[in-house]
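Novice: These protein sequence lines are chains C and B, in that order.
Heads up, the first sequence is in our numbering, so the first residue is 1 and it goes up one at a time.
Heads up, the second sequence is in our numbering, so the first residue is 165 and it goes up one at a time.
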Amino acid sequence: MSDPETAAPDAQLRKAGADFVAGLVIFVVSLYALIASIRMPYYGDAGALSSPGLTPGLIALFMLVLSAALMLRSRCFRLPFTLRAPSLEARRVLTVFGLVFLYVLMMPWIGYALATFLMLFAFQTIFTARRDLRFLLIWGGGLSLVLTAALYYVFGQIFLIPLP
Amino acid sequence: MLGGQFWSILTDPRALVTALWAITLGIVMGALPGLTGPMAMALLLGVVYTMTAEYAIVAMMLIYVGGVYGGSMSAILLNVPGAPASAATALDGHPLAQQGRAGQAIANVTISSFLGTLIAVAFMAFLTPWLVEVSLLFTAWELLLLVILGILMAGSLAGNDPVKGWLAGGIGLMVAQVGLDNIHMHPRFSYGSHYLEAGIGLVAAIVGLFGLSQVMVSMRDPDSKLIAVTHKVRHVIPSWRDIRSRLRVILQSGVIGTFVGILPGLGADMGAWISYDAARRTSRERDKYGKGSMEGVIAAETGNNAVVPGSLIPVIALGLPGSGGAAIIMAALFLHGLKPGPTFMFDNIGMFEYMVAGLVIGSFFMLFVGLALAHVIIHVLLIPRENIMAAVIALAAIGAYASKLQYGDVWMMVAFGAVAYVLRRLDFPLAPLVLGLVLGRMFDDFLRTALIISDGSLAPLWQRPICLILVVVLIGFFLLSTPAAHRLLARMIHLPARAGSADE
């Protein structure tokens, strides 16, 4: 068990670490954007004022300063990454993202209706608290079918919106 | 004429049906923990593209109004605010439910949300034309300073950390620069891709930011923690005596909510907290607050609902959204070829009046639908998360695709959803990001036009009186955003820490 007195500073150090990494990523991207903006051509006689790179360059500069401030502010930090297995919460988020990714990947190949049915069914099978097969097949499968049909009918047929 | 617009809505069955489904959807989405009004607006942004501009804007506004109100239902019955704007309501609403007064609390919340919306709509109708008169004096310099002020204010006020808020605003502004620039048609950050040359799809980005990221946030926690205090809500009848004795609080909260809405970045949750705090300070029954004060619930709900029309005032008059929800409405206006800002009232006075009339009529629908739903909403609130969130993903795909019919937008939605989730985990507020995204193109136009006209000189910043005032406000705001000033302000008005109010 961790000492409660050290737990709070530990969380703060981790938060500072996460801030540092975020600051670093934004700093690098902003630096790249600044260089790319400076390299954009000038048009007409107005010089830099007419350059398409003026606005992104200024925004990148603004972000460089702020991301540097974020890094400096969290200079005493603990890196948020460790080599232990991801937490249950992280696994759940990754699963959601994986399902969405597969759904979007599959859709052009198998069509909106089938992809949606499979995604809905998989989502409910993975995340439902009840684990009996009959419940999953009847409730999960039935609900997925009804939801898919409802979405297809309401948006595709009533609102006449082209489905992906 | 405003009266004519009321008549045209009341005699148009399609408009009435649109208002009815929009307010009902908003209430249900707002009531469901994890879903919010702005999320529903984002999901349907691409869908309403197919409607006429009038129906689309009224639908968006009423989903927003209903969403803010609907959050109070779960706040009272489950002690889980359906939306961040209802967190203050939960403080007193849930104790009221535990005392067996859930029905009375919901009835009073419904009336106060209705009155809060009406007070703010009155301000909207009278204040916007006046603000437009002022904004006609604005040139590119003033408009540029307003955009900067809007992003900085949103960045500073929408979260706990101004640096992260401003960075979020910067990310939004930067993302909006992708694609052909408006003056020379030079491709920026598009790397030869025709898809990127057209710019980042606003709808896809907003659906990802508000929709997909919220699904990931909601599904993160293994336990849903939804425990209803009661399964039967009785006596949902508004008490005129309750309302009459609290008219002062309702008026006070309505005015506070409206002005909170006008300021960029504060949003409905701050409208509720500031109204709640002001009511507590001026109350004779101060000791009841936090233990089941009907007055507290009324103040919070009047305040948060007044924010919605309040946040639309700067959209119409200045082209500057006061909240994330208002930014989505601004995006909907763009999608229909309407340009919010100083000239909006001259080119689209009918549209403005239609919006005012739609909000008033929608408020009456909210009153009736809210009171009717109070008896059954508990059964909707206890639907398992996995059923709702899976449907949200399917809706998000339709929403992202429908506006431009490009499959790349669906992938863009996924990318924005992932980035938004990471930003939210790191306590970056999303409201300034959306404001930056919506205002980014205008920012580029104003900046370059202003500099080209003044031949590169910055002198207009102190030579033009309005510019000078805005510059002074900007500097003052920067100074107020320092940590010391922030702590002092928070102590003065007893503001709680805002835990990632991403949707506002």
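All residues carry an ideal CB built from backbone N, CA and C; glycine is no exception.
Owing to the predicted nature of the structure, the values given are computational and were not obtained by experimental measurement.
For my contact list, ALA436 of chain B and THR253 of chain B are in at a C-beta cut-off of 8 Å; report their separation, rounded to the angstrom.
Specialist: ALA436 of chain B to THR253 of chain B, Cβ: 7 Å. Contact.
Novice: For GLY343 of chain B, which residues does DSSP report across the bridge?
Specialist: B:ARG352
Novice: Can you pull out the residues from the stretch 212-234 of chain B whose beta carbon lies closer than 8 Å to at least one beta carbon of chain C?
Specialist: THR214
Novice: Determine the DSSP secondary structure at ARG556 of chain B, reduced to helix, strand or coil.
Specialist: In the sequence as displayed, the identity of residue 556 of chain B is Val instead of Arg. Helix, per DSSP.
Novice: Determine the extent of the alpha helix (DSSP H) in which PRO293 of chain B is found, giving its start and end residues.
Specialist: 266-299
Novice: Quick check on TRP555 of chain B - is its C-beta less than 9 Å from some C-beta in chain C?
Specialist: A small correction: the amino acid at residue 555 of chain B is Ala; Trp does not occupy that position in the sequence shown. Interface residue, yes.
Novice: Are the C-beta of GLY620 of chain B and some C-beta of chain C separated by less than 9 Å?
Specialist: Interface residue, yes.
Novice: Have a look at GLY334 of chain B and LEU31 of chain C and give me their C-alpha separation to the nearest angstrom.
Specialist: Taken atom to atom, the span from the alpha-carbon of GLY334 of chain B to that of LEU31 of chain C is near 13 Å.
Novice: Measure the alpha-carbon distance for ILE428 of chain B versus THR446 of chain B and round it to whole angstroms.
Specialist: The question names Ile, yet the displayed sequence has Pro at residue 428 of chain B. Using only the alpha carbons, I get a separation of about 26 Å.
Novice: Check the Cβ of SER74 of chain C against every Cβ in chain B and list those closer than 7 Å, keeping chain order.
Specialist: Here the premise fails: no neighbours, minimum Cβ distance about 10 Å.
Novice: Report whether the distance from the Cβ of VAL342 of chain B to the nearest heavy atom of the ligand ATP is below 8 Å.
Specialist: You won't find the ligand ATP in this model; it holds no ligand whatsoever.
Novice: Please report the residue range of the alpha helix (DSSP H) in which HIS539 of chain B lies.
Specialist: Neither: HIS539 of chain B is in no alpha helix (DSSP H) and is coded neither H nor E.
Novice: For the stretch 313-330 of chain B against the stretch 586-599 of chain B, do three or more pairs of beta-carbon atoms, one drawn from each stretch, fall closer than 8 Å, so that the two count as touching?
Specialist: yes
Novice: State the start and end residues of the unbroken alpha helix (DSSP H) segment that holds TYR43 of chain C.
Specialist: No alpha helix (DSSP H) holds TYR43 of chain C; DSSP gives it neither H nor E.
Novice: What first and last residue would you give for the alpha helix (DSSP H) that runs through VAL461 of chain B?
Specialist: 458-482
Novice: So, at 7 Å on beta carbons, what are the nonlocal neighbours of ILE370 of chain B in its own chain, with the 5 sequence-adjacent residues on each side left out?
Specialist: ALA206, LEU209, ILE492, ALA495, VAL598
Novice: Given SER457 of chain B, which residues of its chain have a CB within under 6 Å of its CB, disregarding the five upstream and five downstream residues?
Specialist: Hits under 6 Å: ASP256.
Novice: Determine the DSSP secondary structure at PHE592 of chain B, reduced to helix, strand or coil.
Specialist: coil
Novice: Go ahead and label VAL28 of chain C buried or exposed: buried means 16 or more other beta carbons lie within 10 angstroms of its beta carbon, across all protein chains shown.
Specialist: exposed
Novice: Take ILE126 of chain C and list the residues in its own chain whose beta-carbon comes closer than 7 Å to its own, dropping the five residues that flank it on each side.
Specialist: THR95
Novice: Taking buried to mean at least 16 other C-beta atoms within 10 Å of its own C-beta, is SER665 of chain B buried or exposed?
Specialist: Residue placement at SER665 of chain B is flagged as unreliable, the pLDDT there being 46, under the threshold of 50; a coordinate-derived value is accordingly withheld.
Novice: If you drop the 5 nearest sequence neighbours on each side, which residues of the same chain put their C-beta closer than 6 Å to that of PHE287 of chain B?
Specialist: THR422
Novice: For SER645 of chain B, does the three-state DSSP call read helix, strand or coil?
Specialist: coil
Novice: Using three-state DSSP, classify ALA322 of chain B as helix, strand or coil.
Specialist: coil
Novice: As an exercise, report each continuous alpha helix (DSSP H) stretch of at least 4 residues that is fully enclosed by the stretch 353-389 of chain B, in chain order.
Specialist: Inside the stretch 353-389 of chain B, DSSP marks whole alpha helix (DSSP H) runs of 4 or more residues at positions 358-361, 366-370, 377-384, from first to last along the chain.
Novice: Applying a beta-carbon distance threshold of less than 8 Å, which residues of chain B neighbour LEU143 of chain C?
Specialist: ASN551
Novice: Which chain B residues are close to MET63 of chain C, counting only those with a beta carbon under 8 Å from its beta carbon?
Specialist: LEU331, GLY334, ILE335, MET338
Novice: Taking all protein chains shown into account, decide if GLN157 of chain C is buried (16 or more other Cβ within 10 angstroms of its Cβ) or exposed.
Specialist: exposed
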